[in-house]
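Protein sequence lines correspond, in order, to chains X and A.
Residue numbers for the first sequence, in numbering that gives the first Met the number 0: 0 to 305.
Residue numbers for the second sequence, in numbering that gives the first Met the number 0: 0 to 305.
Idealized CB from N, CA, C, for every residue including glycine.
Here the structure is a predicted model, which is why all the values come from computation and not from measurement.
Protein chains: 2
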Amino acid sequence: MSVNLEVVREVSEFNNYYNSLSDLLNKHLAENNLSLSALRVLVKLKQDEENSTAGKLIASLGIDGGYLSRILKSFETNQLISKRKSAADGRTWFLQLTPKGRKLLEILEESSGTSIRQLLEPLAPEQQHALAGAMRTVRHILSDDSRISLDDITFRRDLQPGDAGYLMHLHGSLYAKEAGYNIEFETFICKTFFEFLETYNSSKDQVFLAMHGNQIIGSIAVLGHSRYATQMRWFLVHPDYRGIGIGQRLLNEALAAARDKLFQKIYLITTSKQEAAIRMFKKNGFRKSGGEAYAYVGIAADGREV
Amino acid sequence: MSVNLEVVREVSEFNNYYNSLSDLLNKHLAENNLSLSALRVLVKLKQDEENSTAGKLIASLGIDGGYLSRILKSFETNQLISKRKSAADGRTWFLQLTPKGRKLLEILEESSGTSIRQLLEPLAPEQQHALAGAMRTVRHILSDDSRISLDDITFRRDLQPGDAGYLMHLHGSLYAKEAGYNIEFETFICKTFFEFLETYNSSKDQVFLAMHGNQIIGSIAVLGHSRYATQMRWFLVHPDYRGIGIGQRLLNEALAAARDKLFQKIYLITTSKQEAAIRMFKKNGFRKSGGEAYAYVGIAADGREV
DNA sequence: TAATAAAGTTGCTTTTGTCAAACAGATTTT
DNA sequence: AAAATCTGTTTGACAAAAGCAACTTTATTA
Numbered sequence: 000m001s002v003n004l005e006v007v008r009e010v011s012e013f014n015n016y017y018n019s020l021s022d023l024l025n026k027h028l029a030e031n032n033l034s035l036s037a038l039r040v041l042v043k044l045k046q047d048e049e050n051s052t053a054g055k056l057i058a059s060l061g062i063d064g065g066y067l068s069r070i071l072k073s074f075e076t077n078q079l080i081s082k083r084k085s086a087a088d089g090r091t092w093f094l095q096l097t098p099k100g101r102k103l104l105e106i107l108e109e110s111s112g113t114s115i116r117q118l119l120e121p122l123a124p125e126q127q128h129a130l131a132g133a134m135r136t137v138r139h140i141l142s143d144d145s146r147i148s149l150d151d152i153t154f155r156r157d158l159q160p161g162d163a164g165y166l167m168h169l170h171g172s173l174y175a176k177e178a179g180y181n182i183e184f185e186t187f188i189c190k191t192f193f194e195f196l197e198t199y200n201s202s203k204d205q206v207f208l209a210m211h212g213n214q215i216i217g218s219i220a221v222l223g224h225s226r227y228a229t230q231m232r233w234f235l236v237h238p239d240y241r242g243i244g245i246g247q248r249l250l251n252e253a254l255a256a257a258r259d260k261l262f263q264k265i266y267l268i269t270t271s272k273q274e275a276a277i278r279m280f281k282k283n284g285f286r287k288s289g290g291e292a293y294a295y296v297g298i299a300a301d302g303r304e305v
Numbered sequence: 000m001s002v003n004l005e006v007v008r009e010v011s012e013f014n015n016y017y018n019s020l021s022d023l024l025n026k027h028l029a030e031n032n033l034s035l036s037a038l039r040v041l042v043k044l045k046q047d048e049e050n051s052t053a054g055k056l057i058a059s060l061g062i063d064g065g066y067l068s069r070i071l072k073s074f075e076t077n078q079l080i081s082k083r084k085s086a087a088d089g090r091t092w093f094l095q096l097t098p099k100g101r102k103l104l105e106i107l108e109e110s111s112g113t114s115i116r117q118l119l120e121p122l123a124p125e126q127q128h129a130l131a132g133a134m135r136t137v138r139h140i141l142s143d144d145s146r147i148s149l150d151d152i153t154f155r156r157d158l159q160p161g162d163a164g165y166l167m168h169l170h171g172s173l174y175a176k177e178a179g180y181n182i183e184f185e186t187f188i189c190k191t192f193f194e195f196l197e198t199y200n201s202s203k204d205q206v207f208l209a210m211h212g213n214q215i216i217g218s219i220a221v222l223g224h225s226r227y228a229t230q231m232r233w234f235l236v237h238p239d240y241r242g243i244g245i246g247q248r249l250l251n252e253a254l255a256a257a258r259d260k261l262f263q264k265i266y267l268i269t270t271s272k273q274e275a276a277i278r279m280f281k282k283n284g285f286r287k288s289g290g291e292a293y294a295y296v297g298i299a300a301d302g303r304e305v
C-alpha cells in the first residue's frame, strides 16, 4: 500500500511529542526503582499468566536476553516472581508473579494513575473522552490484532438528539462508498428519517444502536406501520466493525422486539447489491417476496403465519 | 475538573502500548549515534532558532544540566551547533544549529520517516488518515496551547454524500446540549434538509463547510428561494472551534456568494437564544425584521436597498 | 565589597542496555 | 550411541545514558 506523506509527518510529530510526554507519564517508575523494560516484563508476566518463559518474553518484548535474565534475577531475589522448572524441557523455567509481584503492579498502576490524573485534570470531560477515543483509535489501528470484540460494543435503545443525523450520515457516506450511490440516495434516506421522526413513538417504533465508545457504529430499527406489520429499516454496521457478530446481534434485538410487540410480519426493502445483508436475512428466516422486498414470516403469538 | 476512571485506564493502556512502539520508531537514532535526549535537544534547537540557551533547554526539556552540557559539547565538537556569547550576560551562550546540524536533522527525519513508512505500509489509506487524525487529536488535546488556528481549518464548497446527515447530527446534538432542544428540533432540521436536498441545485444553493481534517466542524448555507431573495441557513461552528474566526469566515463566504449571484436580500431565521450568532449577524449588517427573523439589506449589484 | 544567586561545567556514580562467550539440556546426524 | 548442532538461558565485559554534587565563572543584591 502506498503511504501518504502527510500521515508520515503527523506520525513523526506525534512521536516527537509523545517522547517528551512519556517522561512525565513514566516518572513513577523511577520512584519504584524500575526501568521501563522491567515494567514491560512485569506487565507481560501478568498478561501471559502461568505459561510465560524467558524465551517468550524475549520474543514478544524484543528485549535482550542477557538483560532480561538479570531483570528476572532481580525480580526473583525481590520475590516478585517465582520460577517453576519445565517438565518437558530442562532448560526452560515457567515464570509467574508472586502475590507480592501482583501487589507491586497494582501499586504501579495506581501511581501511574495519579500522573495521568494530573495530566487529565485540567481537561473538560468531553476533552477527556475525546482523548480516550483518539488513543483507542491509534492503538486499534496500529495493533496487528486490530479486531474489536463484541465486548467492546455497547447497545442503546433510545434515540438521542443527533442520533438521527448521524445515522443519516452513516447511511449516506457508506452507501456512497460501497454501492456508488450519490446524494440522491441521501435525499431518500433523509425523507425516510423525516417520516420516521415525525411519527416516532417508542411504543411502536424501536431503534437499536451499536456503540463503540460514544460513536454509533451500527443500527437497526423496527417501525410499526400497522397493527400487524412492521418494517425493518436502517440495518447497517460500519465496515470497520463487520464480521464480529454485531449485525446478527442487532438483528436478534430487532426480531425479539418485533415478537414482543406481537407483530406478525416483518418486512424490509433492500437491493440485490446488499449481498451480505441478504444472506443474513435469509439465515434468519426472511424470504424474498417479489421485487426488491424481502418479507419475513414471523412466529406471532397466535402462531398464524402471514 | 473531575477525571473519569475509564479515561485514566485508556491513557494508561495507551502509554503501555506506545512505550513498546517507540522502540520501533526510534531505532533510527541508534544508527546515527544519538540518544533520545540528544534528538530532543536538536529538535528544540531548530524550533527555537537563534535565541536558545542551555538554561532554556533544561527548563523546556526537563533534562539534567550536566548531561545537557555534555550533549552540547559533543554537538559542538561535531560542528552541529555553534555558540555565541551573550553580550548581556557573560555566563550564557546562545546556541544555534550549523548547516551541518540542520542537515543531520533532515537525515534523521528522513530515516525516522522510513521507520514510520514501514509501520504504515500495511495500513489501508483510510486507516492511515484515521491514524493521523487521532494522533492530531491526542496532541491537540494534551498540548497546553490547545488553540487551533484558522490555518488548520480547510473549507469546502461541495456537498458530498454523508455531509447532510452529519450536519443534521451536528445541529441536533449541539442545539440539544446548548439550548436544551429535544428530538423534535431534529425532526424540524430533518425536514429542512429534506426540502433542501430535494431541490438542491448548485447554481442557486451554496453550502460552505469548515473542515478539520475530514471532519465537518462548521457550516453555513445560502439557499436561493427566489430570483431576488436568499435564505441563510445552518450557520454553526462546533464549540471546540469557536472564537478563532471560523464563523466570520463562513459568513464572509456566504455573503460573498450571495453578492456574486446578485441576490438583493438575505434573510435568516433564528431565536433570541443564539446571542453570539445574532451579535455576529448584526456586525455584518443584518437587521431585525420582526418576529424571529433577521433580514439583511444587501448591497446588490444595482445598489438598490430592499 | 561581601554575600548570594544563577548559568554552565566537570568528576563521579548508577542505571540501562548490548554483545559475545559460556553453559546445559534437547535434537539431529552419522 | 557418540558427536555435532541447536536452543534457552546465564554470565562477564563493556558502553552508553542519565543523574548527583561539587565547582567555576559571572551577575545581582544587601
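Check whether chain A comes within 9 Å of residue i, counting only Cβ atoms and requiring the distance to be less than that.
i	result
V6(X)	yes
K190(X)	yes
T270(X)	no
T91(X)	no
I106(X)	no
K203(X)	no
D22(X)	yes
A220(X)	no
T136(X)	yes
G61(X)	yes
F154(X)	no
S142(X)	yes
Listing by chain order, which chain X residues have their CB less than 8 Å from the CB of residue i?
i	result
V206(A)	By Cβ distance, chain X contributes nothing, its closest Cβ being about 11 Å from V206(A), past 8 Å.
Y180(A)	P160
Let me confirm a value: residue i is counted as buried when at least 16 other C-beta atoms fall within 10 Å, else exposed. Which label applies?
i	result
A178(X)	exposed
K287(A)	exposed
A87(X)	exposed
G223(X)	buried
N14(A)	buried
L4(A)	exposed
T136(X)	buried
E49(X)	exposed
G65(X)	exposed
S172(A)	buried
D301(A)	Only weak support exists for where D301(A) lies, its pLDDT of 33 falling under 50; the value from the coordinates is given anyway. Burial call: exposed.
Taking CB distances under 9 Å as the criterion, tell me whether residue i reaches chain X.
i	result
R303(A)	Note that R303(A) scores a pLDDT of 28, beneath 50, so its modelled location is shaky and nothing firm can be said.
E12(A)	yes
R241(A)	no
A133(A)	yes
Y174(A)	yes
V42(A)	yes
Candidates the options: which alpha carbon is nearest residue i's?
i	options	result
D259(A)	V221(A), E108(A), L149(A) and N77(A)	V221(A)
R241(X)	A276(X), S271(X) and Q230(X)	A276(X)
Q230(X)	I219(X), V236(X) and H237(X)	I219(X)
I57(A)	S73(A), S36(A) and T76(A)	S36(A)
R116(A)	G244(X), V2(X) and K84(X)	V2(X)
I265(X)	S271(X), K272(X), F280(X) and E105(X)	F280(X)
L94(A)	S110(A), A53(A), S68(A) and A228(A)	A53(A)
L41(A)	T91(A), E108(A) and R90(A)	E108(A)
L249(X)	G61(X), N283(X), R83(X) and R226(X)	N283(X)
Q247(X)	S110(X), P98(X), T269(X) and A209(X)	A209(X)
R156(X)	K176(X), G112(X), S202(X) and G244(X)	S202(X)
L254(X)	R232(X), K272(X) and L60(X)	R232(X)
N77(A)	R83(A), R69(A) and K84(A)	R69(A)
S19(A)	L71(X), G61(X), I152(X) and S19(X)	G61(X)
Could you name the residues of chain A that residue i contacts, counting a contact when the two beta carbons are closer than 9 Å?
i	result
S110(X)	Under the 9 Å cutoff, chain A gives no residues; its nearest Cβ is about 11 Å from S110(X).
M167(X)	G161, A163, G164, Y165, M167, H168, C189 and F192
R346(X)	Nothing about residue 346(X) can be reported from this structure: the residues present for chain X run from 0 to 305 only.
H128(X)	N3, E5 and V6
Output, in chain order, the set of chain X residues within a Cβ distance shorter than 7 Å of residue i.
i	result
R116(A)	V2 and V7
Along chain A, which residues have their Cβ under 7 Å away from the Cβ of residue i?
i	result
G306(X)	Nothing can be reported for residue 306(X): it is not among the residues displayed for chain X, which extend from 0 to 305.
G223(X)	Going along chain A, no residue has its Cβ under 7 Å from G223(X), so there is no contact; the nearest lies around 18 Å.
For a test of your reading of the model: does the CB of residue i fall under 8 Å from any non-hydrogen atom of the ligand GDP? Yes or no.
i	result
K281(A)	For the structure depicted, the ligand GDP is absent and the ligand set is empty, with no information on it obtainable.
Legend entry - Every unbroken beta strand (DSSP E) within the stretch 177-230 of chain X, with a cutoff of 3 residues, ordered by chain: Counting only runs of 3 or more, we get 205-211 and 214-223.
Legend entry - Residue ranges of each alpha helix (DSSP H) within the stretch 128-158 of chain A, 4 or longer: For the stretch 128-158 of chain A, not one full-length alpha helix (DSSP H) segment reaches 4 residues or more.
Inset, instruction - Report the residue ranges of all beta strand (DSSP E) runs contained in full by the stretch 90-129 of chain X; include only those spanning at least 3 residues, in chain order. - result: Entirely contained in the stretch 90-129 of chain X, the beta strand (DSSP E) runs reaching 3 residues are, in chain order, 92-96.
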